[in-house]
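Take a look at the structure below.
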Amino acid sequence: MIYLTKIIRLFTNCFLNFPVVEAYISEGPVLYIKSDSPVNLTCNVKDQVGTVFLFWYHNGRVLDVDEKKHRGIDVFTDFGPTSTISRLFIAKAKLSDSGKYSCQPSYAEPANITLQVLNGK
1 MIYLTKIIRL
11 FTNCFLNFPV
21 VEAYISEGPV
31 LYIKSDSPVN
41 LTCNVKDQVG
51 TVFLFWYHNG
61 RVLDVDEKKH
71 RGIDVFTDFG
81 PTSTISRLFI
91 AKAKLSDSGK
101 YSCQPSYAEP
111 ANITLQVLNG
121 K
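Below is the structure:
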């Protein structure tokens, strides 16, 4: 019992510091654009430990290298020690580009935006 009491005291005297990691897409939460227009989505990640990786998703599917190439999407990411900026670029948006985009950094909840591509010039 004395041993258990010492462990409880040890944990109550310690402060657990979890880094605050926050991600947001600056153009969100909803973006409307006309078809054939360019799209820029910017994911900003503020953290204290440094983002290790960052993935973009479209309607719940990861945008891997092949998917990005097939759909004409470019992603540019700048990893910094306390912040990361990732930009998703679509040169000419199509109706099929509509949907939910998510930016998923390591150590953070995803940031989301809904892109609505409107038919017409």
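Using the UniProt record's numbering, the first residue of the sequence shown is number 1, and each one after it goes up by one.
We put the CB at the ideal spot given by N, CA and C, even for glycine.
Exposure label - residue i; buried when at least 16 CB within 10 Å
i, result
"Thr-84", "buried"
"Leu-41", "buried"
"Leu-54", "buried"
Residue i, DSSP secondary structure in three states
i, result
"Lys-34", "strand"
"Ser-96", "helix"
"Val-49", "coil"
"Val-65", "helix"
Contact under 9 Å by Cβ, residue i with residue j
i, j, result
"Phe-89", "Phe-76", "yes"
"residue 129", "Ala-91", "Residue 129 lies beyond the stretch modelled for the chain, which goes from 1 to 121, so this question has no answer here."
"residue 123", "Gly-99", "Because residue 123 is not part of the residues shown, which for the chain are 1 to 121, the question remains open."
Length of the line joining the Cα atoms of residue i and residue j
i, j, result
"Pro-105", "Asp-36", "29 Å"
"Ala-23", "Trp-56", "12 Å"
"Asn-59", "Tyr-101", "6 Å"
"Arg-61", "Glu-67", "10 Å"
"Val-65", "Thr-82", "26 Å"
"Pro-110", "Ser-96", "22 Å"
"Ser-86", "Ala-93", "19 Å"
Can at least three beta-carbon pairs, one atom from the segment 101 to 115 and one from the segment 23 to 35, be found at a separation below 8 Å? yes
Is it a yes or a no for the segment 66 to 73 touching the segment 41 to 53, going by three-plus beta-carbon pairs under 8 Å? no
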